[in-house]
Amino acid sequence: MEKFIVKDYLYPILMHPDYSHLFQDQFAFRPTGSTTAALIYLLHTTTELLQTHEYVHVIALDFSKVFDSVRHYSLVNKLANFTIPDYLHNWIVNNLSERLHQTKLDGTVSQTLPINASIIQGSGLGPVEYVFTASDLNPTNQPTLQIR
Numbered sequence: 009m010e011k012f013i014v015k016d017y018l019y020p021i022l023m024h025p026d027y028s029h030l031f032q033d034q035f036a037f038r039p040t041g042s043t044t045a046a047l048i049y050l051l052h053t054t055t056e057l058l059q060t061h062e063y064v065h066v067i068a069l070d071f072s073k074v075f076d077s078v079r080h081y082s083l084v085n086k087l088a089n090f091t092i093p094d095y096l097h098n099w100i101v102n103n104l105s106e107r108l109h110q111t112k113l114d115g116t117v118s119q120t121l122p123i124n125a126s127i128i129q130g131s132g133l134g135p136v137e138y139v140f141t142a143s144d145l146n147p148t149n150q151p152t153l154q155i156r
């Protein structure tokens, strides 16, 4: 069901002309995105810059724990800015609500605590939820080229 919701309701938002500019720097978890697309974009941009500059610095970051940092409240607020049917928005809110976590190690069970952040890895909905979360993350300063 999650994959159906993503394919029929959420992916069209990512591709919609009114919103696509918000996702143009996201290559993962999009219908037209991939690691290959990211590498091609990086190679193309670097090649263009090398035509007019002696060298180019590339800084790459790995956000391997990024799914753990998604705050449910923030995700729900961001989803409200998109054209999503109310029943679907409410279903996503409900899906994120009242989640609990408990750890068991060597027969000892921890106290059950609520989870107010992170999206479910391996779910059909989780990856696209991250894309929506990152939709308004932009640099506060535009990068400048330093020619030496």
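Following our numbering, the numbering of the sequence shown begins with 9 at its first residue and continues without gaps. In this text, a Cβ means the ideal position worked out from N, Cα and C, and glycines have one as well.
Within 10 angstroms of the Cβ of residue i, are there 16 or more other Cβ atoms? Answer buried if so, exposed if not.
{"i": "Val-64", "result": "exposed"}
{"i": "Glu-137", "result": "buried"}
{"i": "Val-66", "result": "exposed"}
{"i": "Phe-12", "result": "exposed"}
{"i": "His-80", "result": "buried"}
Taking residue i as the reference, give the member of the options with the closest Cα.
{"i": "Glu-106", "options": "Leu-121, Pro-20, Thr-116 and His-52", "result": "Leu-121"}
{"i": "Ala-142", "options": "Ala-36, His-109 and Leu-51", "result": "Ala-36"}
{"i": "Asn-102", "options": "Leu-83, Gln-59, His-52 and Leu-57", "result": "Leu-83"}
{"i": "Ile-127", "options": "Phe-90, Asp-76 and His-61", "result": "Asp-76"}
{"i": "Lys-73", "options": "Pro-135, Glu-10 and Met-9", "result": "Pro-135"}
Report the CB separation of residue i from residue j in whole angstroms; it is logged as a contact under 8 Å.
{"i": "Leu-30", "j": "Asp-114", "result": "46 Å between Cβ atoms; not a contact."}
{"i": "Leu-108", "j": "Ile-123", "result": "7 Å"}
{"i": "Tyr-19", "j": "Leu-96", "result": "About 13 Å; that fails the 8 Å criterion."}
Quick one: residues in its chain with C-beta nearer than 8 Å to the C-beta of residue i, no 5 flanking neighbours on either side, listed in chain order?
{"i": "Ser-28", "result": "Leu-22"}
{"i": "Ala-125", "result": "Asp-76, Ser-77, Val-78, Arg-79 and His-80"}
Could you name the residues of the same chain whose beta carbon sits closer than 7 Å to that of residue i, not counting the 5 residues immediately before and after it, in chain order?
{"i": "Ser-42", "result": "Phe-35"}
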